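Numbering (mature numbering (1 follows the signal peptide of the UniProt record, and there is no 0)), first residue to last: -18 to -1, 1 to 239.
We treat Cβ as the ideally placed atom computed from N, Cα and C, and that holds for glycine.
Being a predicted model, the structure only gives us computed values, none of them experimental.
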Amino acid sequence: MKTFYTFLFCLILSAAKAQLPADTLITYITFENLKGYNKGYGTSIERPIGTGAFTNIADRASLQIRMAKLENSFRWPDGSSIDFSNRGSTSGKTGIVDCYALKNPRTKETVTLYVDPYHTDSTFYIPEGLILVTKEILAKEMAPHLAKIDELDAAADPFADQKENIKQELNYIAMKIGIGAFVDRDNLRKLMTDTQANNDLKNYLFNIYILHKFYAMGKNLPKSKEYALNKMKAEFLKFQKNHPDMEAGNIKINLNE
């Protein structure tokens, strides 16, 4: 009996661990090469955080991702999210520096964060007064979004009934991480280059793939690429039953190669 309960405990522990985000998703969300605390880093105008957001101002996607990493990497000590909306600018030793007045909603204390968007740090640190985001924090924050994808899967006709839901969740991924992180060309190339298939169908299946790649990584499911592909195939079968008259081109063939 003792052996049985030990085995059951291990299963529960394993299931709980599987619900935390995958390590790869954490690397997408947070700054690369992120270390511990380093006095003055980010809180002194002499040592701003070099996000590199404006190193190529024409690359809007990269700019958005670098800005998102700033907001995603850190939290208040109690794990709550940080409001980065109060931003100004000033002159630093390397040029123009952004300064954020971060107000802790619990203690009402303010942390002034200095950020250099024109240079990229090779190593990042945690500013004093903040903490590094954890898997547990992210799992809690992402739970409502993963639940929305469960809702999408349960719908009888997601293409017709879940358009707003799909739009909102794709926007969340785009703003927090970037859509490009979930694009697998080997799984999506033939779908998106099919000249005979209806464009609305192609875009819909592309979105389904992105959402489920995010879902798999958010729950740390094995083989996230395979999971997303299988979900896209299953959704195509459901789509065909609901919309048999829409031109599918060679999608049925290409999805089953």
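| request: Following the continuous beta strand (DSSP E) through I78, name the residue where it begins and the one where it ends. | output: The sequence position of residue 78 within the sequence shown is 96, counting from 1. Run containing I78: 77 to 85, per the beta strand (DSSP E) assignment.
| What did DSSP end up calling L102 once you bin it into helix, strand or coil? | As a working mapping, residue 102 is identified with position 120 in the sequence shown. Before going on, a small fix: residue 102 reads as Thr here, not Leu. T102: strand per DSSP, three-state reduction.
| Three-way DSSP call (helix, strand, coil) for I27 in this model | Translated into positions along the sequence shown, residue 27 becomes position 45. Reduced to three states, the DSSP call for I27 is coil.
| message | Quick check on S55: does DSSP put it in helix, strand or coil? | response | The count along the sequence shown starts at 1 and reaches residue 55 at position 73. DSSP places S55 in helix when its eight states are reduced to three.
| said: Pairs of beta-carbons, one from the segment 184 to 203 and one from the segment 24 to 39, closer than 8 Å: are there three or more? | reply: no
| message | Please return the same chain residues whose Cβ sits closer than 6 Å to the Cβ of N236, not counting the five positions on each side in sequence. | response | The sequence position of residue 236 within the sequence shown is 254, counting from 1. So the qualifying residues of the chain are K172.
| request: Tell me whether S73 is buried or exposed, calling it buried when 16 or more other Cβ atoms sit within 10 Å of its Cβ. | output: Within the sequence shown, residue 73 is the residue found at index 91, counting from 1. Label assigned to S73: exposed.
| query | Based on Cα-Cα distance, which residue from I108, L45, E91, D60 lies nearest to N20? | reply | Mapped onto the sequence shown, residue 20 falls at position 38. Out of I108, L45, E91, D60, I108 has the C-alpha closest to the C-alpha of N20.
| Does DSSP put A(-4) in a helix, a strand or coil? | Here residue -4 corresponds to residue number 15 of the sequence shown, with the count starting at 1. At A(-4), the pLDDT of 45 sits below 50, so the modelled position is not reliable; the number obtained from the coordinates is stated separately. Helix, per DSSP.
| Residues near A43 in its chain [Cβ-Cβ closer than 7 Å; skip 5 each side] | Position 61 of the sequence shown holds residue 43. So the qualifying residues of the chain are G160, G162.
| task | Compare the Cα-Cα distances from A216 to each of D135, E123, R88, D166 and report the closest residue. | result | Working through the sequence shown from its first residue, we reach residue 216 at position 234. Among D135, E123, R88, D166, the Cα nearest to that of A216 is on D135.
| message | List, from N- to C-terminal side, the alpha helix (DSSP H) runs of 4 residues or more that fit wholly inside the segment 156 to 196. | response | 167 to 174
| said: Between which two residues does the alpha helix (DSSP H) holding L134 run? | reply: Counting from one through the sequence shown, the residue named residue 134 turns up at place 152. That run of the alpha helix (DSSP H) goes 117 to 136.
| Which residues in the same chain as F(-15) place their Cβ atom closer than 7 Å to its Cβ, once the five residues preceding and following it in sequence are excluded? | Start at 1 with the first residue of the sequence shown, and residue -15 comes out as number 4. At F(-15) the pLDDT is 45, less than 50, meaning the model places this residue with poor confidence; the figure from the coordinates comes in the next sentence. Excluding sequence neighbours, F(-15) sits near nothing in its chain.
| field | Where the beta strand (DSSP E) containing K201 begins and where it ends | value | Position 219 of the sequence shown, counted from the first residue, corresponds to residue 201. Counting along the chain, K201 falls outside any beta strand (DSSP E), and DSSP gives it neither H nor E.
| field | Limits of the unbroken beta strand (DSSP E) element including S71 | value | Counting from one through the sequence shown, the residue named residue 71 turns up at place 89. First-last of the beta strand (DSSP E) with S71: 69 to 74.
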